[in-house]
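As structure tokens, the structure follows; a few thoughts come after it.
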Amino acid sequence: MKIEIVTAAKLTATQVYEIWRIRDVVFSVEQNCREPDVDGVDVRPDCHHVWIADASAQLRSYARVYRCDGRIRLGRVATRDQDRGLGLSTAILERVIAEWGAEDIAIHAQAHLESWYAQFGFVVNGEPFVEADIDHLPMLRNGR
């Protein structure tokens, strides 16, 4: 299983399409998120897009990593419905930690995934909140 890490400047048009497609299906369609996905972060020079694709280059699992408020921010973690339970997001998280784990990594985790993120060393570090009509928790993994 090959994990790709690509910055915005090096993304192809097809890769941009695949990123937006997986995020649209998971967040807009499945989770009925009504907030815009396009937020300007994806094109920042410090934004890294991390994914696993199938043989036809369709993304199976995805996350983005960028710097915010002096720490690494992990977000937009998404896996296609048919690929859930195969360890793809786990592989991506392990790779993110291998690349950026010396620094603090923050995430706004969906509340029902708290224990999943905890297995990677993330701990709740604030009050629960609602974002896009979904319960979230601020979580932090201290750099090691």
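Number 144 marks the last residue of the sequence shown (the numbering used here); no jumps.
Cβ coordinates follow ideal geometry from the N, Cα and C atoms, glycine included.
8 Å contact criterion, which VAL96 and VAL65 should meet: CB distance rounded | 6 Å
Taking LEU74 as the reference, which of ASP83, ILE92, GLN31 and ARG60 has the closest Cα?
-> Out of ASP83, ILE92, GLN31 and ARG60, the CA that lies nearest to the CA of LEU74 is found in ILE92.
Using alpha carbons as the reference points, say which of PRO36, GLU127 and ALA53 lies closest to ILE19.
-> Considering only alpha carbons, the answer is ALA53.
Start-end ranges of the alpha helix (DSSP H) lying completely within the stretch 35 to 91, minimum 4 residues = none
Near ALA106, which residues of its chain fall below 6 Å by C-beta distance, leaving aside the five closest residues on each side in sequence?
-> Excluding residues within five positions, the ones whose Cβ falls inside 6 Å are ARG71, ARG73 and LEU140.
Sort PRO45, ALA98, GLU30 and PHE129 by Cα distance to PHE120 and report the nearest one.
-> ALA98
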